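Take the sequence shown: its letter number 97 is residue 98 in our numbering, and every next letter is one higher. Even glycine gets a Cβ: it sits at the ideal position worked out from N, Cα and C. Only a predicted model underlies this, so the values are computations on that prediction, with no experimental measurement involved. Step one of this worksheet: look at the structure below.
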Amino acid sequence: MKLMFVRHAEPDYKHDSLTLKGHREAQLLSLRLAKLDVRDFYASPLGRAQETARYTLERTHRTAETLPWLAEFRGRSIDPETGAERIPWDYKPRLWQGHPLLYDVNHWTEDELFRVGTVDAIWRETQAGMDALLARYGMTRDGHLYRCDNNQPDTIVLFCHFGIMMACIGHLLGVSPMLLWHGFCTQPSSVTTLVTEERVKGEVVFRCMQSGDLSHLYAADEPYSTAALFPECYTGRDSTDPPEWDALGYR
């Protein structure tokens, strides 16, 4: 089985939709996905993911099932530096890198950084949602692997978001999401593919074979969006929103 996690195209967060560039990205993405033999499509309920999926679904005359738990990871905690709520992938490195528990996939939500807030609850919801989805295809979680009597070379596409995608992948690979959230970037409209490996009959694990692939943009000379990345060099602007959004009103 292949799981293809598609991050929504460049977002207009203010309207939970896509920017003009995002619409171009979604169109190019649809040309790529339409060539694949996809068994099932799934999508986050949020507008920017639904709009990204729409181009592919219309081109292929297919539908996607909306999964409520596939919405962007909703867990929040209190930033000790500001006292305000913060999403876990936006913490400054110096606030979390010295915390050993955060590197442990089994105990990372027990760290003091997340003792207050909803991160643990949403992590558990994500794990349950991912396992329930895989159970539809005959996979049963057993420790860090899955039992499956009839694993098939199907392709499943999930239109979603960076935060929830990394949480799902962390669960599937046995890696703390904190390491994925802060160590990897999947840019708008990118495709991250996990494939099963079944070296012992009935014992299935997942392996990442592509992360943040943007070949559909490169093929059309469409530049990638920086919506997801903090500034490469210090600017005093501590945001993952592209600077040009300030004038365009996308945030």
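Check, Outcome
"Val311 vs Ile79 beta-carbon contact at 7 Å", "Residue 311 is absent from the structure shown; the chain starts at 2 and stops at 252."
"CB of Arg60 within 7 Å of CB of Ser31, strictly", "yes"
"Same chain only: Cβ atoms within 7 Å of Glu111, ignoring 5 sequence neighbours per side", "Leu102"
"With 16 other Cβ atoms within 10 Å as the buried cut-off, status of Ala122", "exposed"
"Limits of the unbroken alpha helix (DSSP H) element including Leu135", "120–136"
"Collapsed DSSP secondary structure at Leu173 in the structure displayed", "helix"
"Reduced DSSP category for Pro244 - H, G, I as helix; E, B as strand; rest coil", "coil"
"Alpha-carbon to alpha-carbon, Gly175 and Ala136", "18 Å"
"Cross-strand partners of Arg33 (DSSP beta bridge)", "None; Arg33 has no bridge partner."
"Short Cβ contact (7 Å threshold) for Arg55 with Ser18", "no"
"Other residues of its chain near Arg25: CB distance less than 7 Å, five sequence neighbours each side excluded", "Glu223"
"Coil, strand or helix - Gly140 by DSSP", "One point to set straight first is that residue 140 is Met, not Gly, in the sequence displayed. Met140: coil per DSSP, three-state reduction."
"Exposure of Pro12, with buried meaning 16 or more beta-carbon neighbours within 10 Å", "buried"
"Limits of the unbroken alpha helix (DSSP H) element including Leu181", "178–184"
"Local conformation of Leu215 per DSSP, three classes", "coil"
"Delimiting residues of the alpha helix (DSSP H) encompassing Tyr56", "48–61"
"Ala228 (DSSP reduced to helix, strand or coil)", "coil"
"Assigned secondary structure, Tyr92 (DSSP; H/G/I helix, E/B strand, else coil)", "coil"
"Met5 - containing beta strand (DSSP E), residue span", "3–8"
"Secondary structure of Tyr147, DSSP reduced to three states", "strand"
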